[in-house]
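> Protein chains in written order, with our numbering: chain A, 10 to 473; chain B, 51 to 578. A virtual CB, placed ideally from N, CA and C, is assigned to each residue, including glycine. Could you have a look at this structure, given as structure tokens, before my questions?
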């Protein structure tokens, strides 16, 4: 490296003459004066040991592109992984909107600076409200895990109870998050599932449901992909004991599948990544929580809630924070949990997605996913040594494929598929050891018949 | 032709911009479109599939079938785009203004090349559960970035999993809890200490994790109060969560004594590095005695704020605490990068998968464009900008910088307009709304307002001297208006997208409307 003075493009005042002038005007002789409060023994005496920089934009781009090109993408390979992160088509307009500097680089301005952000997020919440048929939806939290964990804490605050019941088929990662987040005062008990259907075992639920239970939580579809068909019965049992029904749902299913409020859910939550976010190695997640418009629910949200209101000009829409005093911004530890930066841009993108899709698009995509995934389940089930009928409940876009009959391990099968440029389903053999050598396959609207047939022939080859 | 340029100056100084925010008078999206219009078509299902599996809903019980379609807008694609483009223009990002008015938020420039790199399919089209051999590039970036953070902080291991600053604070508290549990002290240690000039989430996250929160107020000079800390620390202390410099911009010179006192009582010390921008390469968490820390990549490390996320709160710990970090960590065995789940004491998962990888990628690229000397330059220029601006702002009638008289500030300054308020009756918040008429942000402070009539400015390294002058000129102009024509300020905004909003519905359960459907119900308005 040469020692010459660098003027950094991102640092306008790195021009030496400007610095000197500013120092003079600030009444200082050196920047060292500004650090007078930093004790000498806390000062870093040498330059940090960091890699040499790529000072030109071209060199930087080459370096980072070189690293990224070591990856193989789901465009280069045929992907059947889901398990919480989903490959759906991302409409071009979603990307077009979320890369606009006005949205991308804004943050926390007031409604008079950032009217557009308030309206776009109000509209996102409103469109989610239509999809869910619920009147209250929050500005996004980090992800579906956080939405679930917070919904459970909300249920405890609403009911004044400290025990929750969770469906036993929850993914282990989400369960880990929920366990950590409900500590220390909230107790978790699991409700057994029916080994045939995969749905909740109602007798067991009834036994566990005592008057100290705040909520019963289940997913629809479940982590394993199956639909819970007894939502109404579950809610009825819960309500009888004064508990809430908390349901996590895949929003992209709701053009064809009934929203949980129709089977008695009180709090609905989930992840909007399927609605217009690229997978991004798990970087596209954002969580929603929804409820009825009752004060006892609204006052327990930790997140920001944006509302609509009139302005001084007749016919003009204004927006602002609803019930701000419930938040940690207003009351620090006396607020509900906390609020902060989370995933607002993905909320705006999901709004764009829902506006593009409209009611017809949501219906068609739901039907298309059901048809393709059912076709895949049928065809894969025909491969020798493979079962896709472990559970009898209907599935949405994911289903369990069991390879016990083939005598082969999922890990080996997936390695062989990878040689054929196919990413096989998520290996469940450690997460759910009672399912044996099983994998969770995901099929969406991005898969053509040819893609599915290619997977089936590859499996036939690999298992032959 | 007459000299237009000359009329843009008064006494050699540029006049303030005659700004007006974009104003499209945009309808709410549900008022747009027509029944039957489509924004996008979805891939059709092949006939062979249909004939093989029959009706899409076959097998779905009637009770689970949606009977009435969601009342989503029905719009053409250009209409959707135009609507969102209008809304975007009614928004003010860093790309558009001298964004130094949201102090503590580090609103710096986000280099465009980094956004472009993060939009490459080799980033966007990766499933997190792909075989490790197919994601070596992104794992290498995460690994390399962790090494960078280790050097910047002096701590030993980082997780990139938490989704923003507050999630990182919570992660640290969860690690603290697990640490005390592992020593059998979790019941005894039920208190966490923080300061009022640390972010509200330091207090709030501690509470969520089950701790009693003790909040220290500053001493008369605005420094965190060492005597108050001594009085608060006991065998019940689980940890200290503290920012430095605090949101006042004042660096706590006794920080090593703070961490020592907490350590002596058996507690841990966690460093909220939200305000790290001005001290990169100057001073580190390790030397100050911290056990844990976190950096906001969307602040210090330049990744765009996205209207409030996605983001990353990179969380670092000493070797002693590394075993408690969330799983998985990214390891390197000399040949391959891999995800390490083998942490028996781990607190588990904080979020799905491994964090917001494209944000990590952008932060990595930012550091790699600057290097060690560049990061030092970032810190020094940010601090120079701040002290230069402080000189200008404190010269404005009615403004002051409370505490530590005669002392410099680091990354930001919490100013007070108390004198202006007493003399004019105009509140700080009202000055901020009037400032929006000139195309800039302005923020008061977190609550409670310990500094009366507060205003927090953080110039970062991203703005030129001329831009700082322009911002100070706007403040000076607005302050003068408060003295000469207070009603003009109090009736602002005048040049915004919207006029003064009626705040009453927001706190009235009968009136508040958090969705359009609730609005229709509460106003009795019928859609079309």
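#1: Do you know how far the Cα of residue 556 of chain B is from the Cα of residue 235 of chain A?
#2: Smallest Cα separation from residue 242 of chain B: which of B/284, B/476 and B/569?
#3: To the nearest angstrom, how far is it from the Cα of residue 324 of chain B to the Cα of residue 183 of chain A?
#4: Near residue 144 of chain B, what residues of its chain come up, given a Cβ to Cβ distance below 6 angstroms and the 5 sequence neighbours on each side ignored?
#5: Where do the N-terminal and C-terminal ends of the alpha helix (DSSP H) with residue 279 of chain B fall, by residue?
#6: Helix, strand or coil: how does DSSP classify residue 438 of chain B here?
#7: Sort B/110, B/396, B/87 and B/78 by Cα distance to residue 374 of chain B and report the nearest one.
#8: Apart from the five residues just before and just after residue 115 of chain B, which ones in its own chain have a Cβ nearer than 7 angstroms to its Cβ?
#9: How big is the Cα-Cα spacing for residue 113 of chain A and residue 101 of chain B?
#10: Exposed or buried, which one is residue 95 of chain A when buried takes at least 16 other CB atoms within 10 Å?
#11: Evaluate contact between the segment 187–204 of chain A and the segment 352–370 of chain A, counting only Cβ atoms and requiring at least three cross-stretch pairs below 8 angstroms.
#12: At least one CB of chain B closer than 8 angstroms to the CB of residue 279 of chain A: is that the case?
#13: Check the Cβ-Cβ distances between residue 160 of chain B and every residue of chain A, and say whether any is below 8 angstroms.
#14: Taking just the CA atoms, how far does residue 17 of chain A sit from residue 454 of chain B?
#15: For residue 566 of chain B, does the count of other Cβ atoms within 10 angstroms reach 16, so buried, or fall short, so exposed?
#16: Within the 8 angstroms Cβ cut-off, does residue 337 of chain A reach chain B?
#17: Which residue marks the beginning of the beta strand (DSSP E) containing residue 365 of chain B, and which one marks its end?
#18: Is residue 328 of chain B near residue 461 of chain B, with beta carbons less than 8 angstroms apart?
#19: Rounding to the nearest angstrom, what Cα-Cα distance links residue 253 of chain B and residue 372 of chain B in this structure?
#20: For residue 447 of chain B versus residue 533 of chain B, is the C-beta spacing smaller than 8 angstroms?
#21: Quick check: the Cα distance between residue 86 of chain A and residue 96 of chain B, rounded to an integer number of angstroms?
#22: Is there at least one Cβ from chain A nearer than 8 angstroms to residue 508 of chain B's Cβ?
#23: Which residue spans inside the segment 231–275 of chain A form an unbroken beta strand (DSSP E) run of at least 3?
#24: Can you confirm whether residue 371 of chain A, when its beta carbon is compared against all beta carbons of chain B, has any partner nearer than 8 angstroms?
#25: What are the start and end residues of the beta strand (DSSP E) that includes residue 262 of chain B?
#26: Would you report the Cα separation of residue 69 of chain B and residue 140 of chain A, rounded to the nearest angstrom?
#27: Give the list of continuous beta strand (DSSP E) stretches no shorter than 3 residues that lie fully inside the segment 448–503 of chain B.
#28: Report buried or exposed for residue 134 of chain B, applying the criterion of at least 16 other Cβ atoms within 10 angstroms of its Cβ.
#29: Could you name the residues of the same chain whose beta carbon sits closer than 8 angstroms to that of residue 63 of chain A, not counting the 5 residues immediately before and after it, in chain order?
#30: Give the DSSP-derived three-state secondary structure of residue 11 of chain A in the structure shown.
#31: What residue does the beta strand (DSSP E) around residue 296 of chain A start on, and which one ends it?
#32: Please confirm if residue 11 of chain A has its CB atom under 8 angstroms from at least one CB of chain B.
#33: Given this structure, state the Cα-to-Cα distance separating residue 5 of chain A from residue 183 of chain B, to the nearest angstrom.
#34: Indicate the three-state DSSP secondary structure (helix, strand or coil) for residue 389 of chain B in the structure shown.
#35: Who does residue 450 of chain A pair with in a DSSP beta bridge?
#36: In the DSSP assignment, find the alpha helix (DSSP H) that holds residue 400 of chain A and state where it starts and stops.
So, to answer that:
#1: Sequence index remark: in the first chain, residue 235 of chain A carries index 226 (1-based). Sequence index remark: in the second chain, residue 556 of chain B carries index 506 (1-based). Rounded to the nearest angstrom, the two C-alpha atoms are 40 angstroms apart.
#2: Translated into positions along the second chain, residue 242 of chain B becomes position 192. With distances taken between Cα atoms, residue 242 of chain B lies closest to B/284.
#3: In the second chain, counting from the first residue as 1, residue 324 of chain B sits at position 274. In the first chain, counting from the first residue as 1, residue 183 of chain A sits at position 174. Going by the C-alpha atoms only, they are around 28 angstroms apart.
#4: By 1-based counting over the second chain, the position of residue 144 of chain B is 94. Here the set comprises 157.
#5: Stepping through the second chain from its first residue, residue 279 of chain B is reached at position 229. It spans 276–282 - the alpha helix (DSSP H) in which residue 279 of chain B sits, taken as one unbroken run.
#6: Taking the first residue of the second chain as 1, we reach residue 438 of chain B at position 388. Helix.
#7: Position 324 of the second chain, counted from the start, is the residue given in the question as residue 374 of chain B. If we check each option's Cα against that of residue 374 of chain B, B/396 comes out closest.
#8: Position 65 of the second chain holds residue 115 of chain B. Only 107 meet the Cβ criterion.
#9: Indexing the first chain from 1 puts residue 113 of chain A at position 104. Indexing the second chain from 1 puts residue 101 of chain B at position 51. Those two C-alpha atoms are separated by around 45 angstroms.
#10: Here residue 95 of chain A corresponds to residue number 86 of the first chain, with the count starting at 1. It is buried - the Cβ of residue 95 of chain A has at least 16 other Cβ atoms within 10 Å.
#11: no
#12: What you label residue 279 of chain A is simply residue 270 of the first chain in a count that begins at 1. No, residue 279 of chain A lies away from the interface with chain B (no Cβ there is under 8 angstroms from its Cβ).
#13: Translated into positions along the second chain, residue 160 of chain B becomes position 110. Cβ-Cβ to chain A under 8 angstroms: yes for residue 160 of chain B.
#14: Along the second chain, one-based indexing puts residue 454 of chain B at 404. Along the first chain, one-based indexing puts residue 17 of chain A at 8. Computed Cα separation, rounded: 33 angstroms.
#15: Position 516 of the second chain, counted from the start, is the residue given in the question as residue 566 of chain B. Flag for residue 566 of chain B reads buried.
#16: Reading the first chain from its first residue, position 328 is the one you call residue 337 of chain A. Yes, its Cβ sits closer than 8 angstroms to a Cβ of chain B.
#17: On the second chain, residue 365 of chain B is found 315 positions in, with the first residue counted as 1. From DSSP, the beta strand (DSSP E) with residue 365 of chain B extends over 363–367.
#18: Indexing the second chain from 1 puts residue 328 of chain B at position 278. Indexing the second chain from 1 puts residue 461 of chain B at position 411. Cβ atoms of residue 328 of chain B and residue 461 of chain B: closer than 8 angstroms.
#19: Against the second chain, residue 253 of chain B aligns to sequence position 203. Against the second chain, residue 372 of chain B aligns to sequence position 322. Approximately 23 angstroms, taken between the alpha carbons.
#20: Looking up residue 447 of chain B in the second chain gives position 397. Looking up residue 533 of chain B in the second chain gives position 483. Yes. Within cutoff.
#21: Indexing the first chain from 1 puts residue 86 of chain A at position 77. Indexing the second chain from 1 puts residue 96 of chain B at position 46. Their backbone Cα atoms lie some 21 angstroms apart in a straight line.
#22: Along the second chain, one-based indexing puts residue 508 of chain B at 458. Output row for residue 508 of chain B: interface = no.
#23: 253–258
#24: Taking the first chain and counting its residues from 1, the one referred to as residue 371 of chain A is at position 362. Judged by the 8 angstroms Cβ criterion, residue 371 of chain A is in contact with chain B.
#25: Along the second chain, read from residue 1 onward, the residue named residue 262 of chain B stands at position 212. Counting along the chain, the beta strand (DSSP E) containing residue 262 of chain B begins and ends at 262–266.
#26: Numbered from 1 along the second chain, position 19 holds the residue referred to as residue 69 of chain B. Numbered from 1 along the first chain, position 131 holds the residue referred to as residue 140 of chain A. Cα to Cα, the separation comes out at about 39 angstroms.
#27: 463–466
#28: Position 84 of the second chain holds residue 134 of chain B. Buried.
#29: Numbered from 1 along the first chain, position 54 holds the residue referred to as residue 63 of chain A. Contacts found: 69, 71 and 72.
#30: What you label residue 11 of chain A is simply residue 2 of the first chain in a count that begins at 1. Because residue 11 of chain A sits at a pLDDT of 48, beneath the cut-off of 50, its placement in the model cannot be relied upon, and the point is left open.
#31: Start at 1 with the first residue of the first chain, and residue 296 of chain A comes out as number 287. Counting along the chain, the beta strand (DSSP E) containing residue 296 of chain A begins and ends at 296–300.
#32: Taking the first residue of the first chain as 1, we reach residue 11 of chain A at position 2. At residue 11 of chain A, the pLDDT of 48 sits below 50, so the modelled position is not reliable; the number obtained from the coordinates is stated separately. No, no contact with chain B.
#33: With chain A represented from 10 up to 473, any question about residue 5 of chain A goes unanswered, as that position is not in the structure.
#34: Along the second chain, read from residue 1 onward, the residue named residue 389 of chain B stands at position 339. Strand, per DSSP.
#35: On the first chain, position 441 is the one that residue 450 of chain A refers to. DSSP lists A/408 as partners of residue 450 of chain A.
#36: Your numbering for residue 400 of chain A matches position 391 in the first chain. That residue, residue 400 of chain A, is in no alpha helix (DSSP H); it is neither H nor E in DSSP.
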